[in-house]
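Line by line, the protein sequences are chains X and C.
Using this note's numbering, the final residue of the first sequence is 185, and nothing's skipped along the way.
Using this note's numbering, the final residue of the second sequence is 164, and nothing's skipped along the way.
Working notes for the structure below.
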Amino acid sequence: MYKKILVPLDGSHRSEKILPHVEELAESHGSKVVFLRVARYPQLVAYNGMEMGTYQKNCEEVIESARSQLDLIAGEFREKGIDVEVIVTAGPIVREIVDMAVRKDVDLITMSSHGRSGIGRVFYGSVAAGVLHQIDRPILMIRSLGSN
Amino acid sequence: MSPPTGEEYKVLVAVDFSPCSAHALKSAKRIMGRKPDYIYVLYVIDNDFVEKCISSGIASAPQIKKTLFVEARERLKQFLQDQNLANSEIEAEVTKGTPFLEINKKAIEKDVDIVIMGTHGTSGDMKTIFFGSTTERVLRFIKKPVLCVPIEEDRKDD
Chain X
38 MYKKILVPLD GSHRSEKILP HVEELAESHG SKVVFLRVAR YPQLVAYNGM EMGTYQKNCE
98 EVIESARSQL DLIAGEFREK GIDVEVIVTA GPIVREIVDM AVRKDVDLIT MSSHGRSGIG
158 RVFYGSVAAG VLHQIDRPIL MIRSLGSN
Chain C
7 MSPPTGEEYK VLVAVDFSPC SAHALKSAKR IMGRKPDYIY VLYVIDNDFV EKCISSGIAS
67 APQIKKTLFV EARERLKQFL QDQNLANSEI EAEVTKGTPF LEINKKAIEK DVDIVIMGTH
127 GTSGDMKTIF FGSTTERVLR FIKKPVLCVP IEEDRKDD
């Protein structure tokens, strides 16, 4: 029924709380899992020739670090015989998630209701809320805040 | 409907009679690849709305409540029939309160495995846009998994 599942992760432990549920779903449905991380580039504070070189390097490092983190998770899934794809992009988070869902033509998106933003936020999981507003396919939200 | 014994797959669908929640109800028949053993359907008459009706003075408080309940029950019955959900398969209820709280309460009371809701409801007003839909409010508090179903053209199903 769910041939392809999109799983956005933001690098936080909280967002990874969704993984056991994804595993169960993927195993019972024979689904392919697409892990997506929308990386955030560091803020560019000053600009001159040298800064740009360093900045570009920092951006690449952010992407690489995100990718290796996802590869670790993907590896565990692959060991269980689950077909996995890993994607790292950068850009407005909600937009990237919604666009990827369409681009990959997924049947389901699974997300933790609360992600990285944690204690500083006034409104819960604004990414989850943002995706909810724009998504055109089912999204499974699982609570990740507090004890389970 | 005989009461659950323990290992059954139980689903709660929160509806507001919108096309989006009609789609959510449709999705409940087969969810996460399985047919639920129990489907609970809940419609919550919003307390705020009741208060507004009462303060408008169109009728007495008991009359208003009675009318709202009767209407809601009728509407719910029709809503279920539109989805070909025979009465014996589901337990449908109309209650009054604060929607997201009542939905949460029902999910716990029936110890469901999953809650299904539409991503959008009926409210297109500013209050919804700024302070979050019922779905978002439910998500803020609920500990159960929630499948949020958007309104959509029929894609390849099952």
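Where a beta carbon is used, it is the ideal one built from N, C-alpha and C, also for glycine.
TODO: Using a Cβ cut-off of 9 Å, pull out every chain C residue sitting near residue 62 of chain X, in sequence order please.
DONE: The sequence position of residue 62 of chain X within the first sequence is 25, counting from 1. Near residue 62 of chain X (Cβ distances below 9 Å), the residues of chain C are 38 and 39.
- [ ] Give a yes or no on whether 7 Å exceeds the smallest Cβ distance from residue 8 of chain X to chain C.
- [x] Nothing in the structure corresponds to residue 8 of chain X, since chain X is present only between 38 and 185.
TODO: Determine whether the Cβ of residue 125 of chain C lies closer than 7 Å to any Cβ atom of chain X.
DONE: Here residue 125 of chain C is taken as the residue at index 119 of the second sequence, counted from 1. With 7 Å as the cut-off, residue 125 of chain C counts as an interface residue toward chain X.
Task: Check whether residue 149 of chain X and residue 41 of chain X have beta carbons under 7 Å apart - done: Within the first sequence, residue 149 of chain X is the residue found at index 112, counting from 1. Within the first sequence, residue 41 of chain X is the residue found at index 4, counting from 1. Not in contact: residue 149 of chain X and residue 41 of chain X (Cβ atoms no closer than 7 Å).
Task: Reference residue 107 of chain C, options C/76, C/125, C/145 and C/120, closest by Cα - done: As a working mapping, residue 107 of chain C is identified with position 101 in the second sequence. Residue 107 of chain C has its Cα closest to that of C/145, out of C/76, C/125, C/145 and C/120.
TODO: Tell me whether residue 100 of chain C is buried or exposed, calling it buried when 16 or more other Cβ atoms sit within 10 Å of its Cβ.
DONE: As a position in the second sequence, residue 100 of chain C is number 94, starting the count at 1. By the neighbour-count rule (16 or more Cβ atoms within 10 Å), residue 100 of chain C is buried.
Task: Alpha-carbon spacing of residue 218 of chain X relative to residue 134 of chain X, whole angstroms - done: In the structure as shown, chain X starts at 38 and stops at 185, and residue 218 of chain X therefore has no counterpart that could be examined.
TODO: Take residue 179 of chain X as the anchor and find which of X/38, X/52, X/72 and X/48 has the nearest alpha-carbon.
DONE: For this step, residue 179 of chain X is matched to residue 142 along the first sequence. Answer by Cα proximity: X/52.
TODO: Mind reading off the beta-carbon distance from residue 73 of chain X to residue 130 of chain X? Whole number of angstroms is fine, and I expect it under 8 Å.
DONE: Start at 1 with the first residue of the first sequence, and residue 73 of chain X comes out as number 36. Start at 1 with the first residue of the first sequence, and residue 130 of chain X comes out as number 93. Going by Cβ atoms, the distance from residue 73 of chain X to residue 130 of chain X rounds to 10 Å, so no, they are not a contact pair.
Task: Where residue 148 of chain C meets chain X, residues with beta-carbon distance less than 8 Å - done: By one-based count along the second sequence, residue 148 of chain C stands at place 142. For the C-beta of residue 148 of chain C, the chain X residues within less than 8 Å are, from N- to C-terminus, 180.
Task: Contacting residues, own chain, Cβ-Cβ under 8 Å from residue 37 of chain C (five flanking each side not counted) - done: Position 31 of the second sequence, counting from 1, holds the residue named residue 37 of chain C. For residue 37 of chain C, same chain residues with a beta-carbon under 8 Å away, outside a window of 5 residues either side, are 17, 120, 122 and 153 in chain order.
TODO: Out of X/107, X/85 and X/76, point me to the one whose CA is closest to residue 96 of chain X's CA.
DONE: In the first sequence, the residue the question calls residue 96 of chain X occupies position 59. Ranking X/107, X/85 and X/76 by Cα distance to residue 96 of chain X puts X/76 first.
TODO: Name, please, each residue of chain C whose Cβ falls closer than 7 Å to the Cβ of residue 176 of chain X.
DONE: On the first sequence, residue 176 of chain X is found 139 positions in, with the first residue counted as 1. In chain order: 154.
Open item on the list: Measuring straight from C-alpha to C-alpha, what distance separates residue 140 of chain C and residue 142 of chain X?
Closed with: By 1-based counting over the second sequence, the position of residue 140 of chain C is 134. By 1-based counting over the first sequence, the position of residue 142 of chain X is 105. Their Cα atoms are separated by approximately 28 Å.
Task: Element boundaries [beta strand (DSSP E), containing residue 46 of chain X] - done: The residue labelled residue 46 of chain X in the question sits at position 9 within the first sequence. Element bounds for residue 46 of chain X: 41-46.
Task: Distance, residue 62 of chain X Cα to residue 34 of chain C Cα - done: The residue you call residue 34 of chain C lines up with position 28 of the second sequence. The residue you call residue 62 of chain X lines up with position 25 of the first sequence. Those two C-alpha atoms are separated by around 17 Å.
TODO: Give the range of the beta strand (DSSP E) segment to which residue 49 of chain X is assigned.
DONE: Along the first sequence, read from residue 1 onward, the residue named residue 49 of chain X stands at position 12. That residue, residue 49 of chain X, is in no beta strand (DSSP E); it is neither H nor E in DSSP.
Task: Reduced DSSP secondary structure (H/G/I, E/B, other) of residue 91 of chain C - done: Start at 1 with the first residue of the second sequence, and residue 91 of chain C comes out as number 85. For residue 91 of chain C, the secondary structure class from DSSP, reduced to helix, strand or coil, is coil.
TODO: Note down, in chain order, every chain C residue with its Cβ under 8 Å from the Cβ of residue 119 of chain X.
DONE: Taking the first sequence and counting its residues from 1, the one referred to as residue 119 of chain X is at position 82. Within chain C, no residue comes near residue 119 of chain X; the closest Cβ sits about 15 Å away, beyond 8 Å.
Open item on the list: Between which two residues does the alpha helix (DSSP H) holding residue 184 of chain C run?
Closed with: Nothing can be reported for residue 184 of chain C: it is not among the residues displayed for chain C, which extend from 7 to 164.
Open item on the list: Cβ closer than 9 Å: which chain X residues qualify as neighbours of residue 108 of chain C?
Closed with: Residue 108 of chain C sits at position 102 when you count from the first residue of the second sequence. Against chain X, a Cβ distance below 9 Å from residue 108 of chain C picks out nothing, because the smallest value is about 18 Å.
Open item on the list: Please identify the residue among C/109, C/19, C/29 and C/151 whose C-alpha is closest to the C-alpha of residue 44 of chain C.
Closed with: If you number the second sequence from 1, residue 44 of chain C lands on position 38. Checking every option, the nearest Cα to that of residue 44 of chain C belongs to C/19.
TODO: Give the interface partners of residue 142 of chain C over in chain X, defined as CB-CB distance under 7 Å, in chain order.
DONE: Locating residue 142 of chain C in the second sequence gives position 136, counting from the first residue. The answer, in chain order, is 166 and 169.
- [ ] Pull up the distance between the alpha-carbon of residue 57 of chain C and that of residue 143 of chain C, whole angstroms please.
- [x] To locate residue 57 of chain C, count along the second sequence from 1; it is residue 51. To locate residue 143 of chain C, count along the second sequence from 1; it is residue 137. Their Cα atoms are separated by approximately 21 Å.
TODO: Just the chain C side, please: which residues come within less than 7 Å of residue 65 of chain X by C-beta, in chain order?
DONE: The residue you call residue 65 of chain X lines up with position 28 of the first sequence. By Cβ distance, chain C contributes 39.
TODO: Within its chain, find whatever has a CB closer than 8 Å to the CB of residue 48 of chain X; leave out the 5 residues flanking it on each side and keep chain order.
DONE: For this step, residue 48 of chain X is matched to residue 11 along the first sequence. Excluding positions up to five away in sequence, the list reads 74, 103, 106 and 153.
Open item on the list: Rounded to whole angstroms, what is the Cα-Cα separation between residue 43 of chain X and residue 86 of chain C?
Closed with: As a working mapping, residue 43 of chain X is identified with position 6 in the first sequence. As a working mapping, residue 86 of chain C is identified with position 80 in the second sequence. Looking at the two C-alpha atoms, the distance is approximately 31 Å.
Open item on the list: Under 7 Å, Cβ to Cβ, is there at least one residue of chain C near residue 142 of chain X?
Closed with: As a working mapping, residue 142 of chain X is identified with position 105 in the first sequence. It does not: the Cβ of residue 142 of chain X has no partner Cβ on chain C nearer than 7 Å.
TODO: Using a cut-off of 8 Å between C-beta atoms, extract the partners of residue 42 of chain C located in chain X.
DONE: As a first step, residue 42 of chain C is located in the second sequence; it is residue number 36 there, counting from the start. Chain order gives no chain X residues near residue 42 of chain C, where near means a beta carbon separation below 8 Å; the closest approach is about 14 Å.
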